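There are 2 protein chains.
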Amino acid sequence: MAMTLDERKRKVLRAIIDDYIGTAEPVGSRTIVRRYELGVSPATIRNEMADLEMLGYLEQPHTSAGRIPSAKGYRFYVDCLMDPQSLSAHEEALIRQWYDTRVKEVNQVFQESAKLLSRITHHVSLVLTPQISQCTFKYLQFLPFDERKVLGVMVTDTGLVENKLIEIPAGISMVDLQHIAEVINNQLTGLRFDQIRGELLAELHRQVIKHPLLFQTSLDLLRRTSQVQRGEKVFLGGTTQLFSQPEFKDPEKVKAILAMLEEDQLLYDILTPADTEEVHVTIGTENKFSGIQQCSMVTATYAIHGKTIGTIAVLGPTRMEYAKMISVMQFMTRQLTEVLKKFGL
Amino acid sequence: MAMTLDERKRKVLRAIIDDYIGTAEPVGSRTIVRRYELGVSPATIRNEMADLEMLGYLEQPHTSAGRIPSAKGYRFYVDCLMDPQSLSAHEEALIRQWYDTRVKEVNQVFQESAKLLSRITHHVSLVLTPQISQCTFKYLQFLPFDERKVLGVMVTDTGLVENKLIEIPAGISMVDLQHIAEVINNQLTGLRFDQIRGELLAELHRQVIKHPLLFQTSLDLLRRTSQVQRGEKVFLGGTTQLFSQPEFKDPEKVKAILAMLEEDQLLYDILTPADTEEVHVTIGTENKFSGIQQCSMVTATYAIHGKTIGTIAVLGPTRMEYAKMISVMQFMTRQLTEVLKKFGL
DNA sequence: TGTTAGCACTCACCTCGAGAGAGTGCTAAA
DNA sequence: TTTAGCACTCTCTCGAGGTGAGTGCTAACA
Numbered sequence: 057m058a059m060t061l062d063e064r065k066r067k068v069l070r071a072i073i074d075d076y077i078g079t080a081e082p083v084g085s086r087t088i089v090r091r092y093e094l095g096v097s098p099a100t101i102r103n104e105m106a107d108l109e110m111l112g113y114l115e116q117p118h119t120s121a122g123r124i125p126s127a128k129g130y131r132f133y134v135d136c137l138m139d140p141q142s143l144s145a146h147e148e149a150l151i152r153q154w155y156d157t158r159v160k161e162v163n164q165v166f167q168e169s170a171k172l173l174s175r176i177t178h179h180v181s182l183v184l185t186p187q188i189s190q191c192t193f194k195y196l197q198f199l200p201f202d203e204r205k206v207l208g209v210m211v212t213d214t215g216l217v218e219n220k221l222i223e224i225p226a227g228i229s230m231v232d233l234q235h236i237a238e239v240i241n242n243q244l245t246g247l248r249f250d251q252i253r254g255e256l257l258a259e260l261h262r263q264v265i266k267h268p269l270l271f272q273t274s275l276d277l278l279r280r281t282s283q284v285q286r287g288e289k290v291f292l293g294g295t296t297q298l299f300s301q302p303e304f305k306d307p308e309k310v311k312a313i314l315a316m317l318e319e320d321q322l323l324y325d326i327l328t329p330a331d332t333e334e335v336h337v338t339i340g341t342e343n344k345f346s347g348i349q350q351c352s353m354v355t356a357t358y359a360i361h362g363k364t365i366g367t368i369a370v371l372g373p374t375r376m377e378y379a380k381m382i383s384v385m386q387f388m389t390r391q392l393t394e395v396l397k398k399f400g401l
Numbered sequence: 057m058a059m060t061l062d063e064r065k066r067k068v069l070r071a072i073i074d075d076y077i078g079t080a081e082p083v084g085s086r087t088i089v090r091r092y093e094l095g096v097s098p099a100t101i102r103n104e105m106a107d108l109e110m111l112g113y114l115e116q117p118h119t120s121a122g123r124i125p126s127a128k129g130y131r132f133y134v135d136c137l138m139d140p141q142s143l144s145a146h147e148e149a150l151i152r153q154w155y156d157t158r159v160k161e162v163n164q165v166f167q168e169s170a171k172l173l174s175r176i177t178h179h180v181s182l183v184l185t186p187q188i189s190q191c192t193f194k195y196l197q198f199l200p201f202d203e204r205k206v207l208g209v210m211v212t213d214t215g216l217v218e219n220k221l222i223e224i225p226a227g228i229s230m231v232d233l234q235h236i237a238e239v240i241n242n243q244l245t246g247l248r249f250d251q252i253r254g255e256l257l258a259e260l261h262r263q264v265i266k267h268p269l270l271f272q273t274s275l276d277l278l279r280r281t282s283q284v285q286r287g288e289k290v291f292l293g294g295t296t297q298l299f300s301q302p303e304f305k306d307p308e309k310v311k312a313i314l315a316m317l318e319e320d321q322l323l324y325d326i327l328t329p330a331d332t333e334e335v336h337v338t339i340g341t342e343n344k345f346s347g348i349q350q351c352s353m354v355t356a357t358y359a360i361h362g363k364t365i366g367t368i369a370v371l372g373p374t375r376m377e378y379a380k381m382i383s384v385m386q387f388m389t390r391q392l393t394e395v396l397k398k399f400g401l
């Protein structure tokens, strides 16, 4: 991979990709010399193109068509070639205004972010809500509900709340419950949810052995937070944008992608923040999941209390305005983090 | 509308619709006599068909094609003609088993119901989660969070919970907060959320005038429950089923429908239970929203504590197995209500 | 009077071939 | 090393002609 292209090859590759991103049409040698000033003839370009194809940066749909970039080509473009392209003042204003006028409370943030993101990028957007497993346990409290049930409320340091109705086993009083909560709190407060595991729970169990039934259900409350099940949710936006892309004019392709977007578990896996990079680009076949190997994805993470805790992403054809997307994602995550702060998180 | 069709016209209409539902092809006179035993010749059928078209029950895509049912035709079919068709034992088992194995806690119920419903019907499914505005206020409680914030938790009679982080205004103690909660609870306990309106809030305001700032934010907690904003959510399932229907082979149509399904506000409007009917069928142009006037919709309501509180729906082409859909919806709502009961609601 | 056979006619759909256009690879000259 | 010239390839579009399903009408029939 230390293989570097000479200056002219770079220019040609860049021109081809820029053009293809704009037009979605295979680009030929003539087009290049007409639209980009390289000071050479089409024949020369053709030679360069043949070389670039040999090297794997370009592909040819059929013998007598122009070239289109390969995944490798895009990768090189993203890493080395493209000009950064920042947001227009208008777009920045739109983002700020959107949050100001549309988001009146914290629960709307994520859905509205998804809408906004697809509106700005003209691609499908995905927003993963905060992952509770990255938060720390603050306390558990039982609130009265009726004679036979009690409401367990669990609070995290980041202000997220989980709750569950729990059947009260016979012979247990409200005072007992307070006691149980106290024991649990003493043991768990300050731990991250993904640290609250079997051993710790067993230890707890020994201490609350008197009331195993109740304990069981209140542990459910804890346990479900360490599984990817609830609380976390993926909001989608702009799925209809797929129809506007010429590469998806075949309904079967759209169908395949939409089918994937319905598989929540898959989306969690894709979006769960793995690396610490701020913005990450995955191109075509670099994607693990076959359904979207014709797509590229730009993901970025946002934070609460300085903790990386959620992800936003854009999904579109490999022919994507990468430079623009990256700027948008940077700006959006910063705004999002700020808005969450405003709501006390 | 008191106009009744004679026996043979009914038989013909029924045969045409049954056939069209199965094949999605305009049906001609020959087909009818071949497949359905009416004991007359194609010519006779043609005459009947011409009559039925005059009366508005049938339409002709173009001069030399067979007939297809009109919205009016389907309506008559649903109201008077079709045979009830109940679920197969296999389908009933699938539904029960789905809930047993997949739904481990109450939060999964709705999403899984959407998946299950689209799986069984092969259409797009919609599940509206319980409407908090139909519940009654039980109590509000403040839980400590940190020195500057407090966690307001609001509980309904049906066991639904809303919560919000609230900034503590200077000079207010936890005791003050308890007092405020008490005042609010005295005034509101037992009221339905859609009854908690301006007047009542003003009255409350007079009583808690001491701490207007805090009051404001804790009222937000109440207020947001009377708006269609949060808590309620629409889960979708099987959007890709649209692609399988021949009537939607034009991507533009799919796009239009998907665009509509992204408009949450619209979905609330459509799904919010209006009438008391158990199952309701809306056919083609009977739909208020232009995007789905090529579709039919079968909706049904489910209940918590005997209160009609949410809706499930199926959306598909007008050419739909109405009889089957109605049975499915009846069975599903009954199961759903039961599952919710199992989880203490 | 209701039903049926016969027949001319309509219209969507499929296939095929011709022509245009864009682009390539190769060769030979500059 | 670059460029001009040229034959070749492949896709796309368009129109013509043929096919088949289905209709409406008319006239004969029970």
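In the order they appear, the protein sequences are chains A and B.
Heads up, the first sequence is in the working numbering, so the first residue is 57 and it goes up one at a time.
Heads up, the second sequence is in the working numbering, so the first residue is 57 and it goes up one at a time.
Heads up, the beta-carbon is just placed ideally off N, CA and C, and yes, glycines get one too.
Source: prediction; values computed, not measured.
query, result
"LEU207 (chain A) to GLY227 (chain A) span [Cα, whole Å]", "17 Å"
"VAL290 (chain B) versus LYS171 (chain B) - alpha carbon distance", "12 Å"
"Min CB distance ALA127 (chain A) to chain B below 8 Å", "no"
"Length-filtered (4 minimum) alpha helix (DSSP H) runs lying within the segment 69–130 of chain B", "85–91 and 98–110"
"Distance between THR214 (chain B) and GLN391 (chain B) (C-alpha atoms, nearest Å)", "18 Å"
"Pairwise C-alpha distance: GLN251 (chain A) and ILE188 (chain A)", "12 Å"
"Contact set for PHE387 (chain A): own chain, Cβ-Cβ below 7 Å, skip 5 residues either direction", "LEU143, GLU148 and ILE151"
"Proximal residues to GLU303 (chain B) (C-beta, below 6 Å), its chain only, five neighbours per side dropped", "PRO373"
"Neighbour-count burial assignment, HIS179 (chain B), 16 or more Cβ in a 10 Å radius", "buried"
"Inter-residue CB distance, VAL395 (chain A) and MET385 (chain A) (contact presumed, cutoff 8 Å)", "VAL395 (chain A) to MET385 (chain A), Cβ: 15 Å. No contact."
"Selected residue, minimal CA-CA separation from LEU7 (chain A), among A:GLY78, A:ARG66 and A:THR87", "The structure shown does not extend to residue 7 (chain A), since chain A is modelled only from 57 to 401, so the question has no answer here."
"Where THR281 (chain B) sits in the DSSP three-state scheme", "Only weak support exists for where THR281 (chain B) lies, its pLDDT of 49 falling under 50; the value from the coordinates is given anyway. Helix, per DSSP."
"Alpha-carbon spacing of PHE198 (chain B) relative to CYS191 (chain A), whole angstroms", "22 Å"
"Proximity below 8 Å, CB of LEU317 (chain B) to CB of THR295 (chain B)", "yes"
"Range of the contiguous alpha helix (DSSP H) that encloses VAL165 (chain B)", "164–177"
"Cβ contact (3+ pairs, closer than 8 Å) linking the segment 106–123 of chain B and the segment 349–365 of chain B", "no"
"Within 8 Å of chain A by C-beta, residues of the segment 303–320 of chain B in sequence order", "LYS305, PRO307, GLU308, VAL310, LYS311, LEU314, ALA315, GLU318 and ASP320"
"Close-in-space but distant-in-sequence residues of the same chain around TYR195 (chain A) (CB under 7 Å, 5 per side omitted)", "VAL211, ASN241 and THR245"
"Spatial neighbours of ILE382 (chain B) in its chain, beta-carbon cut-off 8 Å, leaving aside the 5 residues before and after", "PRO140, VAL335, VAL337 and VAL354"
"Assigned exposure category for PRO117 (chain B) - 16 Cβ within 10 Å defines buried", "exposed"
"7 Å Cβ shell around GLU104 (chain A) - same chain, five flanking residues per side excluded", "ARG64, LYS65 and VAL68"
"Opposing strand residues paired with TYR358 (chain B) [DSSP bridges]", "B:GLY366"
"GLU223 (chain A): contacting residues in chain B (beta-carbon distance under 8 Å)", "GLY400"
"Reference GLU377 (chain B), options B:LEU298, B:THR60, B:LEU61 and B:TYR76, closest by Cα", "B:TYR76"
"For GLY400 (chain B) and LEU221 (chain A), believed in contact at Cβ under 8 Å, the rounded distance", "4 Å"
"Test: LYS205 (chain A) CB closer than 8 Å to a CB of chain B", "yes"
"Identified DSSP bridge partners for LYS220 (chain A)", "A:GLY208"
"Cβ shell of LYS205 (chain B) (< 7 Å), same chain only, five flanking positions each side left out", "LEU221, ILE222, GLU223 and ILE224"
"Short CB-CB distance (under 8 Å) between LEU114 (chain B) and chain A", "no"
"Per-residue contacts from THR157 (chain A) into chain B (C-beta, under 9 Å)", "Correct list: empty, because the minimum Cβ distance to chain B is about 14 Å."
"Contact set for ILE88 (chain B): own chain, Cβ-Cβ below 6 Å, skip 5 residues either direction", "ALA71 and ILE101"
"Interface partners of GLY215 (chain A) on chain B, CB under 8 Å", "PHE201, LYS205, LEU207 and LEU221"
"Per-residue DSSP class, three states only, for PHE387 (chain A)", "helix"
"Classification of GLY78 (chain B) by the beta-carbon crowding that lies within 10 angstroms, buried from 16 upward", "exposed"
"Candidates B:LEU94, B:PRO200 and B:LEU256: closest to VAL231 (chain B) by CA position", "B:PRO200"
"Spatial neighbours of ALA356 (chain A) in its chain, beta-carbon cut-off 8 Å, leaving aside the 5 residues before and after", "GLU334, VAL335, HIS336, THR367, ILE368, ALA369, MET385, GLN386, MET388 and THR389"
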